[in-house]
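Asks: The structure is given below, and queries will be raised subsequently.
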Amino acid sequence: MPTPPSAAVRDEPVIRDRGDACPGALRLHAADDGFLARVRIPGGLLSAAQAAALAEAADRFGDGHLELTSRGNVQLRALTDGCGSGLAELLDAAGLLPAPSHERIRNIVASPLADPAPVRALDEALCADPKAAALSGRFLFAVDDGRGDVAALDPDVTLLAQPGGRVLVRLGAAPDAVEVAAAEAAPAALQAAHHFLDAAAAAGTRAWRIAELPAGHALDTEEFTARLIGRGIRARYVPDAPRPYADPPAPGVHADALCVLVPLGRLSTDQWRELRGELRITPWRSILVTDTAARPVGLVTVPDGPWESVTACTGRPGCAKSLADVRADARAVAERARGPLPVHWSGCERRCGHPRGTAWVDVVATDDGYRIDGGSVPVPAHDLAAALAAARNSTHVPQVSEDAVKK
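As structure tokens, then:
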């Protein structure tokens, strides 16, 4: 996998005329196949009891399946009308709703093989802070153990572990950072969120993420350093911060954990229940389980299979905007369209769930077939596998700018 490109630079500021409608566990989204709930799982950390509660919710209120998102969260689909209070009660009893007013902003991705303590500290800080509730459901924190796996996922605030018990705090895609002690990383991340909220309020553009701030209100890392010092956090400005990069864990055994890849991020509750013990959901639609002997049917537990780095949006029948059943079409050609480059299948121009921080092959449905990497002519079905294999093995992939992705 190539080194991830830097974040796209916007020519024009994003000006939003509505609030953030990102779904949550309490704010359900009406989809074509029923209601959808998105349960935030900070750092992907789930106890056995919490995992069991999610399976119960999918069986009792939904379609008996769970979906993994590109932020390591879990979605429940085809929920019945009027299930909101029952679902909330079940999730709350399992400890999955520690702060109802903050449940949509608990967006934390983390290095899946790392100590979970920093994630828990950040989540507790967010849930205890009234001002943080004003963040959008899109604002993303990353807790990276220093290898650079989740730091590459376009986070708004990155905590990057350093030797000697130090942590770098990076704002968006900035080249510089602030160094703090590991014990002060969570308070520093919270202050970064406050810094963004203040800038967004001053800009008046209703920005949801740091990259959306207009140039005149962009966050300045040196100013942020001074802000931290003013609040009693010992901080040092680092003008040229390191940018490590590492691939996500491949399917298979890693020390005392098994990484299980979920094809297209969707699995049944029967498959879910085969993953016994504590779980860690990754942003790459895989799951780390403590039972290294587990071999769940239909899931991937060995490397180099056809499903690595293949993702897709919901598509038909769940999404009204989709022009195709992208998951069925992806399954039909997966074995014949292998390649080192990731591929993402999209049912429309919005490209929901597309990869972050890496080159990727862009497959978008049209009324007449699929366009690959922005090609002007849709590829017919009988040529799709060969064309996709060629694109995934190409040394050059046209990149889709963030401005081209419909919101």
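Residue numbers for the sequence shown follow this note's numbering, so the first one is 15 and each next one is one higher.
We put the beta carbon where it would ideally sit given N, CA and C, even for glycine.
If I measure Cβ to Cβ from Leu-278 and keep anything under 6 Å in the same chain, skipping five residues before and after, which residues do I get?
Replies: Reading the sequence shown from its first residue, position 264 is the one you call residue 278. If we look at Leu-278 and ignore the five residues flanking it on each side, its Cβ neighbours are Ala-326 and Arg-341.
Asks: Confirm, please, whether the CB-CB distance from Ala-403 to Ala-351 is below 7 Å.
Replies: Walking along the sequence shown from the start, residue 351 turns up at place 337. Walking along the sequence shown from the start, residue 403 turns up at place 389. Closer than 7 Å, so yes.
Asks: In chain order, which continuous runs of the beta strand (DSSP E) of length 3 or greater are located wholly inside the region 284 to 356?
Replies: DSSP runs (the beta strand (DSSP E)) wholly in the region 284 to 356: 293 to 295, 300 to 303 and 324 to 326.
Asks: Give me the DSSP bridge partner(s) of Gly-76.
Replies: As a working mapping, residue 76 is identified with position 62 in the sequence shown. Answer is none; Gly-76 lacks a bridge partner.
Asks: Starting from Ala-215, follow the alpha helix (DSSP H) in both directions and report where the run begins and ends.
Replies: In the sequence shown, counting from the first residue as 1, residue 215 sits at position 201. Residues 199 to 217.
Asks: Using the Cα positions of Ala-346 and Glu-288, report the straight-line distance between them to the nearest angstrom.
Replies: Here the question's residue 346 lines up with position 332 in the sequence shown. Here the question's residue 288 lines up with position 274 in the sequence shown. Going from the Cα of Ala-346 to the Cα of Glu-288 covers about 26 Å.
Asks: Check each candidate in Val-276, Ala-191, Thr-328 and Pro-177 and name the one with the smallest Cα separation from Ala-255.
Replies: As a working mapping, residue 255 is identified with position 241 in the sequence shown. Residue Ala-191 is the option with its Cα nearest to Ala-255.
Asks: Ignore the nearest five residues each way along the sequence and tell me which others in Pro-253's own chain have a CB closer than 6 Å to its CB.
Replies: The residue given as residue 253 occupies position 239 in the sequence shown. Same-chain partners within the cutoff: Asp-190.
Asks: Quick one, which of Leu-127, Gly-151, Ser-150 and Ile-119 has its alpha-carbon nearest Leu-136's?
Replies: Taking the first residue of the sequence shown as 1, we reach residue 136 at position 122. Cα-wise, what sits closest to Leu-136 is Ile-119.
Asks: Looking at the structure shown, is His-116 part of a helix, part of a strand, or coil, going by DSSP?
Replies: The residue labelled residue 116 in the question sits at position 102 within the sequence shown. Note: His-116 maps to helix in three-state DSSP.
Asks: State the beta-bridge partners of Ile-122 as determined by DSSP.
Replies: As a working mapping, residue 122 is identified with position 108 in the sequence shown. According to DSSP, which records beta bridges pairwise, Ile-122 is partnered with Phe-155.
Asks: Is it buried or exposed for Ser-84, if we count other Cβ within 10 angstroms and need 16 for buried?
Replies: Counting from one through the sequence shown, the residue named residue 84 turns up at place 70. It is buried - the Cβ of Ser-84 has at least 16 other Cβ atoms within 10 Å.
Asks: Can you list, in chain order, the residues of its chain with a C-beta nearer than 7 Å to that of Val-276? Leave out the 5 residues immediately preceding and following it.
Replies: Taking the sequence shown and counting its residues from 1, the one referred to as residue 276 is at position 262. Excluding residues within five positions, the ones whose Cβ falls inside 7 Å are Leu-82, Arg-299, Ser-300, Ile-301 and Leu-313.
Asks: Taking the C-alpha atoms as reference points, what is the distance between Val-393 and Arg-250?
Replies: One-based indexing of the sequence shown puts residue 393 at position 379. One-based indexing of the sequence shown puts residue 250 at position 236. Answer to the nearest angstrom: the Cα atoms are 53 Å apart.
Asks: For a quick check, are the C-beta atoms of Val-53 and Ala-39 less than 7 Å apart?
Replies: Counted from its first residue, the sequence shown places residue 53 at position 39. Counted from its first residue, the sequence shown places residue 39 at position 25. Their beta carbons are under 7 Å apart, which means Val-53 touches Ala-39 by this criterion.
Asks: Looking at the secondary structure, which residues open and close the beta strand (DSSP E) in which Val-133 lies?
Replies: As a working note, residue 133 is residue 119 in the sequence shown. Looking at the DSSP string, Val-133 is not in any beta strand (DSSP E); the run it does join, the alpha helix (DSSP H), is 131 to 141.
Asks: Taking C-alpha atoms, which residue in Ala-148, Ala-200 and Ser-336 lies nearest to Ala-156?
Replies: Translated into positions along the sequence shown, residue 156 becomes position 142. Nearest option by C-alpha distance: Ala-200.
Asks: Alpha carbon to alpha carbon, how far is Val-357 from Asn-121? Give it in angstroms, no decimals.
Replies: Numbered from 1 along the sequence shown, position 107 holds the residue referred to as residue 121. Numbered from 1 along the sequence shown, position 343 holds the residue referred to as residue 357. So the two alpha carbons sit approximately 24 Å from each other.
Asks: Cα separation between Ala-344 and Ala-142?
Replies: Counting from one through the sequence shown, the residue named residue 344 turns up at place 330. Counting from one through the sequence shown, the residue named residue 142 turns up at place 128. Each residue's Cα considered, the two are about 42 Å apart.
Asks: Spatial neighbours of Gly-329 within its chain, please: C-beta separation below 7 Å, excluding the five flanking residues on both sides.
Replies: Counting from one through the sequence shown, the residue named residue 329 turns up at place 315. Answer for Gly-329: Ser-336, Ala-338, Asp-339, Val-340, Arg-341 and Gly-361, listed in chain order.
Asks: So the candidates are Ala-102, Ala-146 and Ala-148; which of them puts its Cα closest to the Cα of Phe-75?
Replies: On the sequence shown, residue 75 is found 61 positions in, with the first residue counted as 1. Checking every option, the nearest Cα to that of Phe-75 belongs to Ala-102.
Asks: By alpha-carbon positions, which one of Tyr-384, Arg-223, Leu-110 and Ala-307 ends up nearest to Ile-29?
Replies: By 1-based counting over the sequence shown, the position of residue 29 is 15. Selected option, being the one with the closest Cα: Arg-223.
Asks: Which one of Ser-323, Gly-186 and Arg-41 has the shortest CA to CA distance from Pro-263?
Replies: Taking the sequence shown and counting its residues from 1, one reaches residue 263 at position 249. For Pro-263, the nearest C-alpha among the options comes from Ser-323.
Asks: Along the chain, where does the beta strand (DSSP E) that runs through Glu-237 open and close?
Replies: As a working note, residue 237 is residue 223 in the sequence shown. Careful: Glu-237 lies outside any beta strand (DSSP E), inside the alpha helix (DSSP H) at 235 to 244.
Asks: Give me, in chain order, the residues of the same chain whose beta-carbon lies closer than 7 Å to that of Ala-348; leave out the 5 immediate sequence neighbours on both sides.
Replies: Here residue 348 refers to the residue found at position 334 when the sequence shown is read from its first residue. Taken in chain order, the residues that qualify are Pro-320, Trp-321 and Val-324.
Asks: Within the same chain, show all residues whose beta-carbon is closer than 6 Å to that of Val-171, passing over the 5 residues directly before and after it, in chain order.
Replies: Against the sequence shown, residue 171 aligns to sequence position 157. The answer, listed in chain order, is Phe-155, Ala-203 and Ala-206.
Asks: Quick one: what's got a C-beta closer than 7 Å to Ala-213's C-beta in the same chain, skipping five residues either side?
Replies: Stepping through the sequence shown from its first residue, residue 213 is reached at position 199. Cβ neighbours of Ala-213 beyond the five flanking positions: Leu-227, His-231 and Leu-233.
Asks: Short of 6 Å in beta carbon distance, which residues of its chain neighbour Arg-220, apart from the five on each side in sequence? Order them along the chain.
Replies: Taking the first residue of the sequence shown as position 1, residue 220 is located at position 206. Closer than 6 Å at the Cβ level, and outside the excluded window around Arg-220, lie Arg-30.
Asks: In chain order, what residues of the same chain lie with their CB nearer than 6 Å to the CB of Phe-210, ignoring the 5 residues before and after it?
Replies: Residue numbering aside, residue 210 sits at position 196 when the sequence shown is read from its first letter. If we look at Phe-210 and ignore the five residues flanking it on each side, its Cβ neighbours are Ile-224.
Asks: First and last residue of the alpha helix (DSSP H) that includes Leu-104?
Replies: Here residue 104 corresponds to residue number 90 of the sequence shown, with the count starting at 1. From DSSP, the alpha helix (DSSP H) with Leu-104 extends over 98 to 107.
Asks: For Asp-95, name the three-state secondary structure that DSSP assigns.
Replies: Along the sequence shown, read from residue 1 onward, the residue named residue 95 stands at position 81. Of the three classes helix, strand and coil, the one that applies to Asp-95 here is coil, per DSSP.
Asks: Tell me the rounded alpha-carbon separation between Pro-177 and Ser-125.
Replies: Here residue 177 is taken as the residue at index 163 of the sequence shown, counted from 1. Here residue 125 is taken as the residue at index 111 of the sequence shown, counted from 1. Distance between the alpha carbons of Pro-177 and Ser-125: 16 Å.
Asks: Inspect the beta-carbon positions of Arg-370 and Asp-163 and report whether they are closer than 7 Å.
Replies: Residue 370 sits at position 356 when you count from the first residue of the sequence shown. Residue 163 sits at position 149 when you count from the first residue of the sequence shown. The answer is no: Cβ separation not under 7 Å.
Asks: Determine the direct distance from the alpha carbon of Val-183 to that of Ala-269, and round the result to whole angstroms.
Replies: On the sequence shown, residue 269 is found 255 positions in, with the first residue counted as 1. On the sequence shown, residue 183 is found 169 positions in, with the first residue counted as 1. Using only the alpha carbons, I get a separation of about 28 Å.
Asks: Going by the CB atoms, is the gap between Gln-64 and Ala-107 shorter than 7 Å?
Replies: Translated into positions along the sequence shown, residue 107 becomes position 93. Translated into positions along the sequence shown, residue 64 becomes position 50. No.
Asks: Using the beta-carbon count (16 or more within 10 Å), is Pro-297 buried or exposed?
Replies: For this step, residue 297 is matched to residue 283 along the sequence shown. So Pro-297 ends up on the buried side.
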